[in-house]
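Same order as they appear, the protein sequences are chains A and B. Quick note on my numbering: the first sequence kicks off at 19 and runs consecutively. Quick note on my numbering: the second sequence kicks off at 19 and runs consecutively.
2 protein chains.
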Amino acid sequence: MSRQPDPDTRRPLPRNPALRPLTLRDVSEASGVSEMTVSRVLRNRGDVSDATRDKVLVAAKMLGYVPNKIAGALASQRVNLVAVVVPSLGNLVFPEVLSGISETLEDTGLQPVFGVTNYSPEREESVLYEMLSWRPSGVIVAGLEHSDASRAMLRNAGIPIVEIMDVDGDPIDSVVGISHVRAGREMARAIISAGYRRIGFLGTKMPEDYRARKRMQGFEAELAEAGVGIEDREFYSGGSALAKGREMTAAMLARSPNLDFLYYSNDMIGAGGLLWCLEKGIDVPGKLGLAGFNGVDLLDGLPRKLATMDACRREIGQRAAQIIAGQSNSGLVGGERVELTPRLQPGDTIRKV
Amino acid sequence: MSRQPDPDTRRPLPRNPALRPLTLRDVSEASGVSEMTVSRVLRNRGDVSDATRDKVLVAAKMLGYVPNKIAGALASQRVNLVAVVVPSLGNLVFPEVLSGISETLEDTGLQPVFGVTNYSPEREESVLYEMLSWRPSGVIVAGLEHSDASRAMLRNAGIPIVEIMDVDGDPIDSVVGISHVRAGREMARAIISAGYRRIGFLGTKMPEDYRARKRMQGFEAELAEAGVGIEDREFYSGGSALAKGREMTAAMLARSPNLDFLYYSNDMIGAGGLLWCLEKGIDVPGKLGLAGFNGVDLLDGLPRKLATMDACRREIGQRAAQIIAGQSNSGLVGGERVELTPRLQPGDTIRKV
DNA sequence: GCCGGGGCTGTTAGCGGTCACATAGCCAGT
DNA sequence: ACTGGCTATGTGACCGCTAACAGCCCCGGC
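Here it is in structure tokens:
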């Protein structure tokens, strides 16, 4: 008489991993304890005897079980994700912020998740919506300028929000960054006091790069107070920034040969300009001074060191992450304001006074 | 007689968004329809009358409701996330891959989520574990070299896996990339046929950068077949790649002044080397040829164009994303192999033959 | 008048975990 | 022996949403 297997015990064995995704129950059956105990072991929570713990861990490893955080998050109402939203990864600046964040979050149990907006407010809105729908523990977002809908979402999310890079504006919650207006001003002051007077500005065309704009505004304002104006401007968009820096510099100096200083809105175009000037044999910084912005370490490899201003990118990432992780020792529960001070790096392209 | 409000209707009003996170039920009550109908409206699924739809949308917008994808994913067993795991964001190469991915995924309803491993297999393992625990619809991961545990996890995940950048090895599922061995060979061939014979190699010290190593192996093998060896090598780690390129070039030429070609494992150090050579007035490419690898558009702005080989980064991202999205028209369900061919860009730093 | 079939909406039962609490076993103190 | 307190484990009720199905209404056709 052939034995008929009991239908209940004939459930498909959890051997074939592709057949059915593994659940806690599989581990629980394989190790002979309840699901709850397995859950406790895998999360290192509560008291579990060493013997049981070992049994469970062995079973879990053997099956190749990977916990389902979706279910876990739903049940516990806790998500260890931090949404990080930046405009771009194409230039060196944001990757460095991101690594500051990752690094700081590393041993907090929190996990950064990155989103990119391409400087588009609509994209920002949809990226935020998408990310918030995963109920992260916090949001780090670049800039203070957002659509009304984005601001509303962030405010309503009921989680810590940190706006980064920039402090010139009205934060939703916390903010970590530098004042780009002040950065512009400071550069202007340095230029003026080095004796330059006929100044050109080269920047990006992107209307959504508010920070570059603020630098220009601060720059211009400070110049104006010294009775100096910007004599010529040139804006670009797209393409290799280094190449654009060359082209724009060539174009501007052809048009306005009397300029004695060029202020670039970022280091990359500044570097392009510098290379061009050196090739042409222009006396830098004697006849013509140059400066950029960001302090990217690329500049270290240039024939001459471009004057720039460090944007404290890594530190911004770190401080923002600390606020989210609740490690900032301010005692505040939110609404922190951290203004870092960018350091002017005079390099070799501004006359020493 | 004062009316006593029915306790059931006295639930806290969903006015204060910080008090309690909103749920479908709040929207359902606010709009007077069932939760299911709200769900249908917000997902654009199933038949809903226009009148009802409007009511719901108005209520949702008014409350500022953001759906909870955690619950949604758990219930529907569907997650619109694609895990993307790369070793680094610091050089220009991966951001470009990522944007190829984002761009392609844009209108598929899928959302990329990025993770960074810093070239560490342990970190890769934990990043993968973390990401898989969110049950993504697919994984895109750089490289073919992974820890056994990582491979097992990926294989067991039961979702499409695409390994990218490199095709020289044994893929888990699908693979999209170039052959770095072949790339190294091709560069060697070009160098040999341009008449260079005394060759130096400059690269990164990272033992985990398998692709750079494969390029060197291919390069060396091809040279060997022409009866030529690598006469000198120099490796670096950390710091500004541009600056390192200078230093290493200076050091190598001081040590081995007879070299007539320098092959750099990436464009950035190559660019540093090029700048240094030009400064020193070395005859490039007459007395000394130079080449890098990657085809980063930074090179466009250099005084002279460095020879390089395009790694097809954006296209790799696009093709990988297509496979995950099921858009690749191969008819295969998995296990695709896409080998792209890097194009040699001779630039101005290899003698014309 | 009755039936059939759309179009629209509601109901029920989970998804795979975790929380709060109940329970079992064991030992010490009285 | 009884109690209390501890540790180690199990139980049932959810978390917020969606699949599947059931039900309602209204219409036209016979």
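Ideal Cβ placement from N, Cα and C applies to all residues, glycine included.
Nonlocal neighbours in the same chain, by C-beta distance under 8 Å from residue i, ignoring five residues either side
i, result
"B/ARG369", "ALA212, GLY213, TYR214, PRO303, GLY304 and GLY307"
"B/GLU140", "SER165"
C-alpha distance - residue i paired with residue j, whole-angstrom precision
i, j, result
"B/PRO85", "A/LEU317", "46 Å"
"A/GLY236", "A/ALA206", "8 Å"
"A/MET54", "B/PRO39", "27 Å"
"A/ASP278", "A/ARG203", "18 Å"
"A/ALA329", "B/SER117", "24 Å"
"B/ILE342", "B/PRO178", "6 Å"
"A/ASP184", "B/LYS232", "43 Å"
"A/LEU271", "A/TYR282", "14 Å"
"B/THR359", "B/ASP68", "52 Å"
"B/ARG153", "A/ARG322", "50 Å"
"B/ASN62", "B/VAL56", "10 Å"
"A/MET286", "A/GLU114", "15 Å"
"B/MET327", "A/VAL157", "39 Å"
"B/ASP65", "B/VAL74", "14 Å"
"A/THR41", "B/GLU181", "27 Å"
"B/ASP301", "B/GLY290", "16 Å"
"A/MET234", "A/LEU92", "47 Å"
"B/ASP188", "B/PHE112", "22 Å"
"A/VAL371", "B/TYR228", "50 Å"
"B/ILE88", "A/ARG251", "50 Å"
"A/GLU249", "A/LEU280", "10 Å"
"A/ARG361", "B/ALA325", "37 Å"
Buried versus exposed call for residue i [16 or more other C-beta atoms within 10 Å across all chains shown]
i, result
"A/VAL76", "exposed"
"B/ALA244", "exposed"
"A/ASN378", "Missing from the structure shown is residue 378 of chain A; chain A here goes from 19 to 371 and no further."
"A/ASP44", "buried"
"B/GLU354", "buried"
"B/ASN276", "exposed"
"A/SER375", "Past the boundaries of the shown model lies residue 375 of chain A; chain A is included only from 19 to 371, so the question cannot be answered."
"B/SER155", "buried"
"A/LYS298", "exposed"
"A/VAL199", "buried"
"B/ALA242", "exposed"
"B/GLY352", "exposed"
Any chain B beta carbon closer than 8 Å to residue i
i, result
"A/GLU252", "no"
"A/GLN363", "no"
"A/GLU163", "no"
"A/ASN174", "yes"
"A/ALA269", "no"
"A/ARG264", "yes"
"A/MET224", "no"
"A/PHE171", "Per the sequence shown, residue 171 of chain A should be read as Met rather than Phe. Yes, contact with chain B."
"A/ASP166", "no"
"A/ARG215", "no"
"A/ARG58", "no"
"A/GLY310", "no"
"A/ASP315", "yes"
"A/ARG153", "yes"
Minimum Cβ-Cβ distance from residue i to chain A less than 8 Å
i, result
"B/ASP44", "no"
"B/LYS87", "yes"
"B/LEU358", "no"
"B/ASP318", "yes"
"B/PHE132", "yes"
"B/ARG332", "no"
"B/PRO321", "yes"
"B/GLU140", "no"
"B/LEU123", "no"
"B/GLN336", "no"
"B/GLU297", "yes"
"B/PRO39", "yes"
Same chain, Cβ closer than 6 Å to residue i, neighbours up to 5 away in sequence not counted
i, result
"B/GLN129", "ASN98 and LEU99"
"A/ALA78", "VAL45"
"B/SER120", "PRO130"
Own chain partners of residue i with C-beta closer than 7 Å, once the 5 adjacent residues on each side are dropped
i, result
"A/SER52", "SER46"
"A/GLU143", "SER165, ALA167 and SER168"
"A/ILE334", "VAL115, GLY118, ILE182, MET183, VAL194, GLY195 and LEU358"
Check your understanding: Does the pairing of the region 332-342 of chain A with the region 189-203 of chain A give three or more beta-carbon distances under 8 Å?
Key -> Yes, since at least three Cβ pairs between the region 332-342 of chain A and the region 189-203 of chain A fall closer than 8 Å, the two stretches touch.
Review point. Are the region 132-145 of chain A and the region 147-163 of chain B touching by the rule of at least three beta carbon pairs closer than 8 Å?
Key: No contact exists between the region 132-145 of chain A and the region 147-163 of chain B.
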